[in-house]
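Data block below; observations after.
Number of protein chains: 2
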Amino acid sequence: MPKKNTLFPNQNRAVTIADVAKAAGVSVPTVSRILNDKEYVAEETRQRVHEAIRTLGYTPHTQARRLRGGISKTLALHHPIESPHDLSNVIETSYFTGIAEAASEKEYFINFLVSQLTPESLLNMYRSSQIDGIILLQVRMDDWRVNLLRENNYPFVMIGRCADLNGLTFIDLDFETAMLQAFDHLVKLGHRNIAFLTYPRSWRKMEIGPAMRSLDGYTIAQSKYGFPSSYREIGLNSVEEGFEGTLDLLHENPELTAIITVSHLTAAGSIKALATRGRNVPQDCSVMSIGFGGDFASVVTPSLTTLEWSPYEISYQAAILMTEKLTQKDLPPQQILVAPGLVVRESTKAVT
Amino acid sequence: MPKKNTLFPNQNRAVTIADVAKAAGVSVPTVSRILNDKEYVAEETRQRVHEAIRTLGYTPHTQARRLRGGISKTLALHHPIESPHDLSNVIETSYFTGIAEAASEKEYFINFLVSQLTPESLLNMYRSSQIDGIILLQVRMDDWRVNLLRENNYPFVMIGRCADLNGLTFIDLDFETAMLQAFDHLVKLGHRNIAFLTYPRSWRKMEIGPAMRSLDGYTIAQSKYGFPSSYREIGLNSVEEGFEGTLDLLHENPELTAIITVSHLTAAGSIKALATRGRNVPQDCSVMSIGFGGDFASVVTPSLTTLEWSPYEISYQAAILMTEKLTQKDLPPQQILVAPGLVVRESTKAVT
DNA sequence: GTGATTTCTGATAACGTTATCAGAAATCGT
DNA sequence: ACGATTTCTGATAACGTTATCAGAAATCAC
Chain A
22 MPKKNTLFPN QNRAVTIADV AKAAGVSVPT VSRILNDKEY VAEETRQRVH EAIRTLGYTP
82 HTQARRLRGG ISKTLALHHP IESPHDLSNV IETSYFTGIA EAASEKEYFI NFLVSQLTPE
142 SLLNMYRSSQ IDGIILLQVR MDDWRVNLLR ENNYPFVMIG RCADLNGLTF IDLDFETAML
202 QAFDHLVKLG HRNIAFLTYP RSWRKMEIGP AMRSLDGYTI AQSKYGFPSS YREIGLNSVE
262 EGFEGTLDLL HENPELTAII TVSHLTAAGS IKALATRGRN VPQDCSVMSI GFGGDFASVV
322 TPSLTTLEWS PYEISYQAAI LMTEKLTQKD LPPQQILVAP GLVVRESTKA VT
Chain B
22 MPKKNTLFPN QNRAVTIADV AKAAGVSVPT VSRILNDKEY VAEETRQRVH EAIRTLGYTP
82 HTQARRLRGG ISKTLALHHP IESPHDLSNV IETSYFTGIA EAASEKEYFI NFLVSQLTPE
142 SLLNMYRSSQ IDGIILLQVR MDDWRVNLLR ENNYPFVMIG RCADLNGLTF IDLDFETAML
202 QAFDHLVKLG HRNIAFLTYP RSWRKMEIGP AMRSLDGYTI AQSKYGFPSS YREIGLNSVE
262 EGFEGTLDLL HENPELTAII TVSHLTAAGS IKALATRGRN VPQDCSVMSI GFGGDFASVV
322 TPSLTTLEWS PYEISYQAAI LMTEKLTQKD LPPQQILVAP GLVVRESTKA VT
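Heads up: the sequence lines are chains A and B, in that order. Count along the first sequence starting at 1, add 21, and that's the number in my numbering. Count along the second sequence starting at 1, add 21, and that's the number in my numbering.
Here is the structure:
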């Protein structure tokens with residue numbers, strides 16, 4: 022026997038559009054029209070209805086709204102993790118807050134889809150107007166979600182990008198430019214032998230964008246300057262992997278004077294590894310890392326010179342792109358590449 | 022003119038319960054009964070309907086379900102940020118993933134409420150069954166959300182806790198125990214003068230639990246051991262604040278041999294400040310910090326000895342508590358205090 | 001074999017909202 | 001001053017689902 026508030030049973034029902042209509046002395050559809058900012062409503066009526074909405078404390082019932090097949094004011098966010106158990110280790114979780122906030126501002130609900138998503142269930146979410154649009158994370162070069170949604174003309178936005186970008190809207194980290202920025206910074210400091218610790222080879226095999234493009238960027242930069250190339254594909258989730266990877270690099274290329282990494286954690290490992298070989302950062306070797314901003318870089322000793330993106334800004338903008346796409350159907354596709362910002366701290370220094 | 026898939030117009034409608042019913046040769050309510058595991062359905066019918074569900078690729082329309090007033094399979098998460106613009110700086114965002122994952126496992130949707138929440142709109146979400154339950158973050162000692170939901174007998178779970186806990190379910194960080202654990206560790210190492218860098222005074226004024234209980238815990242521990250007391254209430258969001266706070270502590274209490282902080286960032290500041298006064302960590306002074314786990318502690322030099330909670334575990338469990346409360350109406354209130362785990366790294370050492 | 005129970009199924013009516021349509025009132029053009 | 005247009009409003013039906021009820025079929029008790 023579920024307990025109910027029996028003292029004020031009438032208070033246990035939500036205020037509906039019908040209550041508002043009765044209070045304002047108008048019909049139900051009129052209230053609906055006013056709520057949806059439709060044309061053809063007398064100013065005087067609008068006032069009266071808004072007054073009733075305020076006094077009754079009415080809030081629209083989003084689910085009922087969706088039912089009729091209109092816009093549902095709901096966005097989904099999808100990350101194709103194989104097993105949801107890995108979620109806590111996924112770097113893209115830092116995108117959550119920006120999306121949540123933009124959605125809130127634009128009065129959208131946001132559903133984080135972490136369960137397994139089948140093509141059928143994805144289409145069904147649109148068809149039954151459970152969602153208006155979806156923001157895709159971890160987009161592969163050839164991604165079934167993109168293909169499916171493109172074929173069916175359902176609106177979506179990517180954080181990341183795939184191979185065929187024709188007509189698609191996305192925002193992505195500009196890793197190629199980032200690599201050039203890193204080289205610019207280091208070359209100005211006189212470095213001529215720059216090694217690279219990048220994403221694991223498995224990521225590249227899985228056609229994950231940053232893994233492919235960061236290595237591409239490194240290769241391009243190397244050939245632009247004509248420097249020797251040495252890189253290592255390693256895991257990003259521990260100081261140890263950076264440590265080991267750096268030892269390998271030093272063994273293979275003892276002449277290196279700078280190391281670029283794609284994770285602040287592995288950069289910290291690099292610094293420790295260099296120290297064990299008697300090379301202090303930044304006097305004997307420079308280290309810089311490319312990645313999301315945060316407090317991480319400033320607590321490492323020496324603090325890390327970085328090229329950093331704000332996951333908040335990027336995800337916020339992605340959600341805004343999504344809402345704009347929904348409200349302006351004829352908007353041309355927006356394709357945004359974000360270059361990171363250079364933050365010079367202590368870990369890079371001119372060669373002496 | 023919105024583009025529609027005109028080649029297969031029939032494919033643009035979602036498969037509904039009615040389609041399933043027709044395919045299986047039964048009525049709509051029968052399918053509904055089977056979907057909701059109601060009693061009184063012939064085994065043979067159940068089979069046939071499930072077969073139809075599979076072949077048609079039917080997925081239930083969650084929103085329509087809610088409309089009729091049943092369970093909505095949706096949880097909300099609420100953090101009472103004053104201005105949503107602060108969201109990216111809110112430490113509780115690390116609770117997102119655990120909740121998202123537990124919700125996913127139990128097949129709940131999760132809505133992050135970041136917009137301003139009024140008492141009216143909160144009640145309305147329950148009344149109109151837009152949500153089944155809510156997980157409250159940043160619970161104050163006397164919290165209007167708790168009072169309101171308690172009065173109206175709506176299910177909720179807190180991460181944190183308020184003053185009157187009678188009948189309420191929560192999971193919270195056990196800061197009192199954490200302080201005793203910290204003292205235990207340091208006292209065993211021979212420390213007798215232990216200073217404390219804690220939450221800003223304003224948080225305590227706002228009756229935010231950890232701010233109140235960590236200072237209480239410090240006081241209790243001090244009086245238990247009979248040590249002199251010196252603490253400082255500072256901001257937690259930068260290395261600098263830890264730096265300044267530590268200089269103040271050193272000025273006021275030059276004899277201190279250990280510092281406890283409630284943020285890894287400020288601990289890093291402490292280490293830097295001690296260095297400027299010629300005191301190296303851990304030889305001349307020990308530093309330990311209490312907070313969420315992560316990679317932070319291991320990149321600081323020296324790496325930080327910590328007492329750490331897993332935000333993932335805590336939030337995961339909170340969401341599980343919520344779903345259990347919803348499925349078992351007669352479940353007694355669960356009240357869980359989680360003590361942090363001690364991770365000894367390099368920043369603490371026996372006094373010499 | 002009769003009546004009483006149990007098991008199963010389907011009509012029907014809601015839930016709160018919006019789209020469609022048609023009609024009423026106000027405004028306009030001449 | 002008249003019809004034509006524009007502005008405004010309300011009936012009605014529908015969205016996909018579940019609760020309620022009542023009736024049919026099967027089982028049970030004696």
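Note that beta-carbon positions come from the ideal geometry of N, C-alpha and C, so glycine has one too. Bear in mind the structure is a predicted one, so any value in this text is a computation, not a measurement.
Coil, strand or helix - residue i by DSSP
| i | result |
| --- | --- |
| Gln-356/A | strand |
| Val-70/A | helix |
| Ser-374/A | Chain A is shown from 22 up to 373; residue 374/A falls before or after that span and cannot be answered. |
| Leu-134/A | strand |
| Ala-85/B | helix |
| Val-62/B | coil |
| Ala-97/B | strand |
| Ile-215/B | strand |
| Ile-156/B | strand |
| Phe-29/A | Note that Phe-29/A scores 33 on pLDDT, short of 50, meaning its location in the model is unreliable; the coordinates nonetheless yield the value given after this. Residue state, collapsed to three classes: coil. |
| Gly-362/A | strand |
Chain B contact for residue i (CB, 8 Å cutoff)
| i | result |
| --- | --- |
| Ala-294/A | no |
| Ile-131/A | yes |
| Leu-286/A | yes |
| Asp-316/A | yes |
| Phe-117/A | yes |
| Ser-142/A | yes |
| Gly-362/A | no |
| Asn-274/A | no |
| Ala-289/A | yes |
| Thr-219/A | no |
| Ser-149/A | yes |
| Val-283/A | no |
| Asn-187/A | no |
Burial state of residue i (16 or more Cβ within 10 Å)
| i | result |
| --- | --- |
| Met-309/B | buried |
| Thr-76/B | exposed |
| Ala-231/A | Here residue 231/A turns out to be Pro, not Ala, going by the sequence shown. Per the 10 Å Cβ criterion, buried. |
| Arg-89/A | exposed |
| His-82/A | buried |
| Asp-220/B | Reading off the sequence shown, one finds Tyr at residue 220/B, where the question assumed Asp. With 16 or more other Cβ atoms within 10 Å, it is buried. |
| Gly-38/B | It is worth fixing the name first, because residue 38/B is Ile in this sequence and not Gly. Buried: at least 16 other Cβ atoms inside 10 Å. |
| Met-227/B | exposed |
| Gln-304/A | exposed |
Neighbour flag for residue i against chain A, beta carbons, 8 Å
| i | result |
| --- | --- |
| Ile-255/B | no |
| Phe-313/B | no |
| Arg-300/B | no |
| Leu-88/B | yes |
| His-82/B | yes |
| Asn-57/B | no |
| Asn-168/B | no |
| Ala-85/B | yes |
| Val-320/B | yes |
| Gly-238/B | no |
| Ser-53/B | no |
| Arg-213/B | no |
| Thr-66/B | no |
| Pro-354/B | no |
| Thr-114/B | yes |
Can you list the beta strand (DSSP E) stretches of 3 or more residues lying completely in the region 158-211 of chain A, in chain order?
177-180, 191-194
Touching by the beta-carbon criterion (3+ pairs, under 8 Å), the region 143-150 of chain B and the region 353-367 of chain B
no
When the Cβ atoms of the region 332-343 of chain A are set against those of the region 287-304 of chain A, are three or more pairs found closer than 8 Å?
no
In chain order, which beta strand (DSSP E) runs of at least 3 residues are fully inside the region 221-307 of chain A?
251-254, 279-282
Determine contact between the region 176-191 of chain B and the region 242-250 of chain B, defined as no fewer than three beta-carbon pairs at a distance below 8 Å.
no
Which runs of the alpha helix (DSSP H) fall wholly inside the region 311-340 of chain A and span at least 4 residues, in chain order?
317-320
Given 8 Å as the limit, is there contact between the region 171-181 of chain B and the region 121-134 of chain B, that is, 3 or more CB pairs closer than that?
no
Taking 8 Å as the cut-off, does the region 202-220 of chain A touch the region 265-279 of chain A (at least 3 CB pairs, one atom from each stretch)?
yes
For the structure I just gave you, are there three or more beta carbon pairs, one from the region 335-346 of chain B and one from the region 260-267 of chain B, closer than 8 Å?
no
Across the region 300-316 of chain B and the region 196-207 of chain B, are there enough close Cβ pairs to call them in contact, namely three or more that are closer than 8 Å?
yes
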